[in-house]
Amino acid sequence: MAGPRVRFDPEINYYQVLNVPYTATRAEITRAYRTLMRSAHPDRAHTEPERKKAEERAKLLNAAYAVLGKPEVRREYDAAIRQRAVSDALMQRYTGNMPGRPSPFMNRAPVSPQARRAQQRASRSALLHFLLITVLFLAAIVAVVLLVSLVPQAVQALVG
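Note that the sequence shown ends on residue 328 in my numbering; no numbers are left out.
Structural data, given as structure tokens:
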């Protein structure tokens, strides 16, 4: 007889919670869970705020182990996060970088102010180069058109 079905939140990356790779074996998951629980157990906390924090951490670790520690539930969870990643990728493909809820599995690292300024400078420089090349190209076209229209008149004036 099967026990109660384990529910999971596909928004939470349980692999990150237990600090294990997606390819981790059941033994690696159990080892990581036990190691983390030893350090996060509420009985190790000395003050009430630390205890509350440790209880929340322990609940999250327990939830992660309940999902990843059982092969059937882990398969369901993996399918759910894969499906979410695919749908997020498709949605981003069609919407571009429009504002919305980012996927927890495809996060970008925050950009420092110096890097942001460098990106802006590079973008500005690229735009100026583009405009300069466009103006030079248009000037060359105008020069060719003028030459084509003036050369026959000059030849006619010399001959005639």
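For every residue, glycine included, the Cβ atom is placed at its ideal position computed from N, Cα and C.
Judged by DSSP in its simplified three-state form, Pro278 adopts coil rather than helix or strand.
For Glu179, the secondary structure class from DSSP, reduced to helix, strand or coil, is coil. Separation of the CB atoms of Lys238 and Val188 is rounded to 15 Å, and the pair is thereby denied contact status at 8 Å. In the same chain as Ala234, and ignoring 5 residues on each side of it, the C-beta atoms closer than 6 Å to its own belong to Val174, in chain order. Cβ-Cβ distances below 8 Å link His209 to Ala222, Ala226 in the same chain, with the five nearest sequence neighbours on each side left out; the list follows chain order.
In the structure shown, Asn230 falls within a helical segment according to DSSP collapsed to helix, strand and coil. Inclusion of Tyr182 and Ala232 in the CB contact set at 9 Å is warranted, their separation being smaller than that value.
The three-state secondary structure of Thr263, taken from DSSP, is helix.
In terms of Cα proximity to Tyr190, the closest of Leu304, Ser280, Leu236, Ile309 is Leu236. A straight line joining the alpha-carbon of Arg194 with that of Glu240 spans about 12 Å.
Around the CB of Arg261, fewer than 16 other CB atoms lie within 10 Å, so the residue is classed as exposed. Rounded to the nearest angstrom, the gap between the Cα atoms of Met259 and Val313 is 48 Å. Shown here for Glu196: same chain residues with a beta carbon closer than 7 Å to its own, the five before and five after excluded, namely Val188 in chain order.
For Glu224, the closest C-alpha among the options Leu204, Arg242, Ala248 is that of Leu204.
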